[in-house]
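In UniProt numbering, the protein residues as written are 1 to 161. Just so it is clear, CB atoms sit at the ideal spot from N, CA and C, and this is done for glycine as well. Here the structure is a predicted model, which means the values were calculated and not measured.
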């Protein structure tokens, strides 16, 4: 299960997460690094509505949308929850009482987090859009996806939803 931050303009127009440039890059990582198709993974956002003027989500918006994400997690029951970006990583880890200083301090690592009735393995990494705006992050994001594949032991078929 992949959790981004909030819908952008393209996502808002189409009503689906990750359909713009960041979505194309995420799909490429899923296919080329993990060896999966996009239809084999569940993709969502922490904040369900597009923040005005494409600004970052506020803590109030994150809190207001948490119950929806919590419900998605309880329905999907993911083996691993990949948080994409600073906002989704900080919010999800904080729900498990895990200290978040920066995305750099947690990316590419796994954390056990109790989320409501579920315990999830959380794997924070950069948001794909960050790698589009800062190409030096592209290799780090690809490296995190290779770590993700290694963590799952290469037998990803048993982790599909």
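Practice task
Just the C-alpha distance for residue 117 and residue 74, rounded to the nearest angstrom, thanks.
Solution key: Roughly 8 angstroms between the two C-alpha positions.
Problem - Beta-bridge partners of residue 4, as assigned by DSSP - result: 45, per the DSSP bridge assignment.
Practice task
Could you pull the start and end residues of the alpha helix (DSSP H) that residue 31 belongs to?
Solution key: Here the alpha helix (DSSP H) through residue 31 covers 21-32.
Practice task
Assess, as a yes-or-no matter, whether the region 38-57 is touched by the region 78-96 under the definition of 3 or more beta carbon pairs within less than 8 angstroms.
Solution key: Three or more beta-carbon pairs separated by less than 8 angstroms link the region 78-96 to the region 38-57, which places the two stretches in contact.
Practice task
Could you say which of 104, 14, 100 lies nearest to residue 144 if we only look at CA atoms?
Solution key: Residue 144 has its Cα closest to that of 104, out of 104, 14, 100.
Exercise for the section: Determine the DSSP secondary structure at residue 123, reduced to helix, strand or coil. Expected result: For residue 123, the three-state secondary structure derived from DSSP is strand.
Handout entry: the region 105-115 / the region 8-18 touching (three or more Cβ pairs under 8 angstroms)
Key = In short, these stretches do not touch, since the Cβ pair count stays below three.
Practice task
Please work out which residues of its chain come closer than 7 angstroms, Cβ to Cβ, to residue 100, disregarding the five sequence neighbours upstream and downstream, and give them in chain order.
Solution key: Taken in chain order, the residues that qualify are 89, 90, 93, 94, 106.
Exercise for the section: Could you pull the start and end residues of the beta strand (DSSP E) that residue 111 belongs to? Expected result: Residues 111-115.
Exercise for the section: Return helix, strand or coil for residue 148, following the three-state DSSP convention. Expected result: Residue 148 falls in the helix class under three-state DSSP.
Exercise for the section: Tell me whether residue 125 is buried or exposed, calling it buried when 16 or more other Cβ atoms sit within 10 Å of its Cβ. Expected result: Per the 10 Å Cβ criterion, buried.
Exercise for the section: Compute the Euclidean distance between the alpha carbons of residue 1 and residue 108, then round it to the nearest angstrom. Expected result: Distance between the alpha carbons of residue 1 and residue 108: 15 angstroms.
Handout entry: Backbone CA spacing between residue 29 and residue 147 [nearest angstrom]
Key = Residue 29 and residue 147 have their alpha carbons spaced roughly 12 angstroms apart.
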